[in-house]
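A.B. asks: Using UniProt numbering, you'd call the opening residue of the sequence shown number 1 and step up by one each time.
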Amino acid sequence: MPKIKNTPLIFLIFIVFLSVIFANNRNTASDPRTTLLVSESIIQNGTIKLDHYGSETLDGYGYAVHEKNNHYYYYFPIGTSIASIPFVAIANGIGLDMISYESAVQIFIASITSIITLLFLYKLATLFLNTNTALVVSSVFWFGTSLSSTAGTALWSHNFATLFALLAIYFSVKAVKLNALQPWHLIASLLFAAYLCRPTMALLSPFVLLYLFTYSRGSAIKTGLFLASLLGAFILFSTYEFGQVLPDYYLPKRLAGGHFFEAFYGNLLSPSRGILIYSPFIVFAWLCFKYSPKPWGLKKSWLLIGLAWPVLHLVFISRFPHWWAGWSYGARFMTDVLPGLFLLTLYTWPTNFKPKTAKVLSGILIVSCVFSVIVNAGQGLFNKYTPIWNADPNIDQHPEYLFDWSYPQFLANKDGHKSRLVKHALKNLQPISSGDLINHQSNTIVFLGWSFAESTHRWSDEKSSRIIFKFDAPHQFEGILKLHMGTLGEQKITISINGTKIYSGVVEAWDKILEVPFDKILLRDGDDTNTLAFELPDARQPGNGDQRILALALKSFQIQ
Numbered sequence: 001m002p003k004i005k006n007t008p009l010i011f012l013i014f015i016v017f018l019s020v021i022f023a024n025n026r027n028t029a030s031d032p033r034t035t036l037l038v039s040e041s042i043i044q045n046g047t048i049k050l051d052h053y054g055s056e057t058l059d060g061y062g063y064a065v066h067e068k069n070n071h072y073y074y075y076f077p078i079g080t081s082i083a084s085i086p087f088v089a090i091a092n093g094i095g096l097d098m099i100s101y102e103s104a105v106q107i108f109i110a111s112i113t114s115i116i117t118l119l120f121l122y123k124l125a126t127l128f129l130n131t132n133t134a135l136v137v138s139s140v141f142w143f144g145t146s147l148s149s150t151a152g153t154a155l156w157s158h159n160f161a162t163l164f165a166l167l168a169i170y171f172s173v174k175a176v177k178l179n180a181l182q183p184w185h186l187i188a189s190l191l192f193a194a195y196l197c198r199p200t201m202a203l204l205s206p207f208v209l210l211y212l213f214t215y216s217r218g219s220a221i222k223t224g225l226f227l228a229s230l231l232g233a234f235i236l237f238s239t240y241e242f243g244q245v246l247p248d249y250y251l252p253k254r255l256a257g258g259h260f261f262e263a264f265y266g267n268l269l270s271p272s273r274g275i276l277i278y279s280p281f282i283v284f285a286w287l288c289f290k291y292s293p294k295p296w297g298l299k300k301s302w303l304l305i306g307l308a309w310p311v312l313h314l315v316f317i318s319r320f321p322h323w324w325a326g327w328s329y330g331a332r333f334m335t336d337v338l339p340g341l342f343l344l345t346l347y348t349w350p351t352n353f354k355p356k357t358a359k360v361l362s363g364i365l366i367v368s369c370v371f372s373v374i375v376n377a378g379q380g381l382f383n384k385y386t387p388i389w390n391a392d393p394n395i396d397q398h399p400e401y402l403f404d405w406s407y408p409q410f411l412a413n414k415d416g417h418k419s420r421l422v423k424h425a426l427k428n429l430q431p432i433s434s435g436d437l438i439n440h441q442s443n444t445i446v447f448l449g450w451s452f453a454e455s456t457h458r459w460s461d462e463k464s465s466r467i468i469f470k471f472d473a474p475h476q477f478e479g480i481l482k483l484h485m486g487t488l489g490e491q492k493i494t495i496s497i498n499g500t501k502i503y504s505g506v507v508e509a510w511d512k513i514l515e516v517p518f519d520k521i522l523l524r525d526g527d528d529t530n531t532l533a534f535e536l537p538d539a540r541q542p543g544n545g546d547q548r549i550l551a552l553a554l555k556s557f558q559i560q
């Protein structure tokens with residue numbers, strides 16, 4: 001760990017820690033879930049098998065746990081689980097089990113990996129820049145990329161993988177800059193650890209070895225042989241544990257192909273996954289290369305790490321059928337190569353501001369840095385609508401929204417989300433008829449200001465909730481709104497149809513049928529939409545830790 005004597009650096013470390021600990025957005029229940037159960041299993045049972053937790057418990061972990069050879073395993077890479085063993089051992093020692101406290105421990109570990117990542121970004125930068133400039137570049141690179149917006153929301157496999165890759169690059173470059181012996185055993189171990197956390201990190205190893213080879217053939221060969229021995233040991237372990245050369249997630253089947261050119265463009269420039277959109281300062285820094293006179297001191301082979309590796313990685317992830325990384329924010333799959341892009345950015349970062357063109361480009365660079373920090377550390381960590389953007393409508397079912405510039409993920413907000421929900425629903429919305437029983441899970445209506453559908457009901461989640469629907473009006477219907485509902489204690493409820501109030505009263509019940517007569521002419525038929533609105537001034541948090549603002553639990557409704 002580098003010695004810390006720089007007061008601004010200490011302050012930045014503190015800000016990084018607070019940003020991760022107090023972020024609103026959490027992904028601990030997605031892919032990273034179960035990571036620390038594996039760590040705990042290794043500590044307590046000496047195995048990566050999860051059988052002892054029981055099938056009933058593991059069923060709640062969904063796709064993160066899979067059954068293989070009559071045993072239960074974590075589906076995703078095991079590297080992060082192994083790297084987390086010291087943290088989980090301490091947590092277990094103070095009475096925290098991972099079934100109950102995994103999310104909290106994940107966030108703590110994520111804060112530590114984030115701090116160490118920032119420190120070594122800074123250390124790498126000081127090999128080429130003065131301390132003040134190094135501090136600026138390293139802080140912008142953490143706060144203005146997915147190092148914050150992804151690695152700050154959970155203990156993803158990216159956290160340790162990116163850190164290990166950064167350390168491997170740092171020690172490889174430092175040895176050359178300081179004319180010291182290559183720590184080949186350390187570099188090999190770090191490259192293997194990065195691969196163990198993220199299989200795509202296998203792409204880094206050959207480029208680092210080639211870079212080392214241009215300085216010392218002996219060191220490169222020793223590094224390669226030691227790395228090969230570690231990989232061989234992993235193959236032996238996998239053969240023993242799974243009966244196959246590599247665990248499922250490490251196999252190349254994920255490169256099954258998809259829409260390559262669409263994915264390539266999307267990973268670079270789409271409004272919801274493009275790295276050059278979410279971190280545009282990287283491009284503007286590269287445009288300043290003419291104004292970056294500094295003692296570099298490296299052979300051109302460094303470009304294998306700074307340029308060739310990121311480009312090849314981009315090609316590989318664009319081969320993934322699921323190239324947008326599911327319910328993510330921004331350029332998550334490009335997180336792995338940020339250490340390489342950081343090295344390239346150090347080379348081009350402007351230090352000569354005298355020419356007029358340099359001043360203009362530097363001004364644009366500053367603006368792009370501010371934008372990147374707001375988009376990643378701000379929107380990515382604290383805007384609750386950025387994760388909702390993925391969920392409704394489901395981005396995995398409607399990937400066309402990845403390219404929708406009218407509502408990009410980094411501009412997600414309450415009004416924009418409601419507007420998109422309505423537009424999306426109206427594309428295929430079928431009218432309901434009188435007598436149709438519409439339950440709380442129905443996709444024939446649009447829920448605005450409501451929470452997710454639970455097994456028997458759907459809660460309102462604001463003081464004002466709406467239902468949008470089309471209505472096929474027959475010649476004869478009574479004009480009665482029949483609501484099957486419950487409430488959170490006593491609630492004042494005002495109901496209107498298309499802006500006209502039809503009911504106002506106080507309800508306190510869990511299983512109530514409320515019948516409200518209304519003037520039939522209030523309903524529009526055909527392709528016109530109707531709005532059933534609920535004003536709920538007494539909505540509140542239930543007091544059990546649930547952060548939602550609840551009032552009315554809708555079970556079903558019917559127009560008679």
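Beta carbons: idealized from backbone N, C-alpha and C, even for Gly.
1) Would you mind giving the Cβ-Cβ distance between R524 and F471, rounded to the nearest angstrom? I have them listed as a contact below 8 Å.
2) Does DSSP put I495 in a helix, in a strand, or in coil?
3) Could you give the DSSP three-state label for N439: helix, strand or coil?
4) Could you give the distance in angstroms between the alpha-carbon of I82 and the alpha-carbon of K492?
5) Hey, is the region 193-200 in contact with the region 155-163, meaning 3+ C-beta pairs nearer than 8 Å?
6) Give me the DSSP bridge partner(s) of I467.
7) Per DSSP, what kind of secondary structure is A168 in: helix, strand or coil?
8) Please report the distance separating the alpha-carbon of F128 from that of Y347.
9) At a cut-off of 7 Å, would you count H66 as near the ligand PLP, judging by its Cβ distance to the nearest heavy atom?
10) On a CA-only basis, which of L536, Y122, P271 is nearest W389? Give me that one, please.
11) Using a Cβ-Cβ cutoff of less than 8 Å, which residues in the same chain neighbour K49 once the five nearest sequence positions on both sides are dropped?
12) Nearest-angstrom Cα distance between M98 and E478?
13) Ordered along the chain, which non-local residues of its own chain (more than five positions away) have a Cβ less than 7 Å from that of F260?
14) Hey, S292 and W327 are a contact pair by Cβ (cut 8 Å); roughly how many whole angstroms apart?
15) Nearest CA to the CA of A285: which residue from D59, S372, L163?
16) I believe G330 touches G380 by the beta-carbon criterion, under 8 Å. Please report the beta-carbon distance rounded to the nearest angstrom.
17) If you run the structure through DSSP and keep just helix, strand and coil, what is A553?
18) In angstroms, rounded to a whole number, what distance separates the CA positions of F164 and L191?
19) List, from N- to C-terminal side, the alpha helix (DSSP H) runs of 4 residues or more that fit wholly inside the region 2-84.
20) Would you grab the beta carbon distance between A125 and S138 for me? Rounded to a whole angstrom, and I think it's under 8 Å.
21) At which residues does the alpha helix (DSSP H) containing E102 begin and terminate?
22) Can you give me the C-alpha to C-alpha distance between K123 and F403, rounded to a whole angstrom?
23) Would you give the residue range spanned by the alpha helix (DSSP H) that residue 592 belongs to?
24) Please classify R332 as buried or exposed, where buried requires at least 16 neighbouring CB atoms within 10 angstroms.
25) State the DSSP-derived secondary structure class of D538, mapped to helix, strand or coil.
26) Suppose you measure from the CA of P295 to the CA of A110; what does that come to, to the nearest Å?
C.D. replies: On the basis of the supplied data:
1) 7 Å
2) strand
3) strand
4) 53 Å
5) yes
6) F447, L532
7) helix
8) 8 Å
9) Inclusion of the ligand PLP in the displayed structure is not the case, the ligand content being empty and no account of it being possible.
10) P271
11) S41, H71, Y72, Y73
12) 56 Å
13) S318, R319
14) Actually they do not touch by this definition, with Cβ atoms about 38 Å apart.
15) S372
16) 6 Å
17) strand
18) 7 Å
19) 7-21, 35-45, 55-58, 79-83
20) 5 Å
21) 98-125
22) 37 Å
23) The question about residue 592 has no answer, for the chain in this structure spans 1 to 560.
24) buried
25) coil
26) 35 Å
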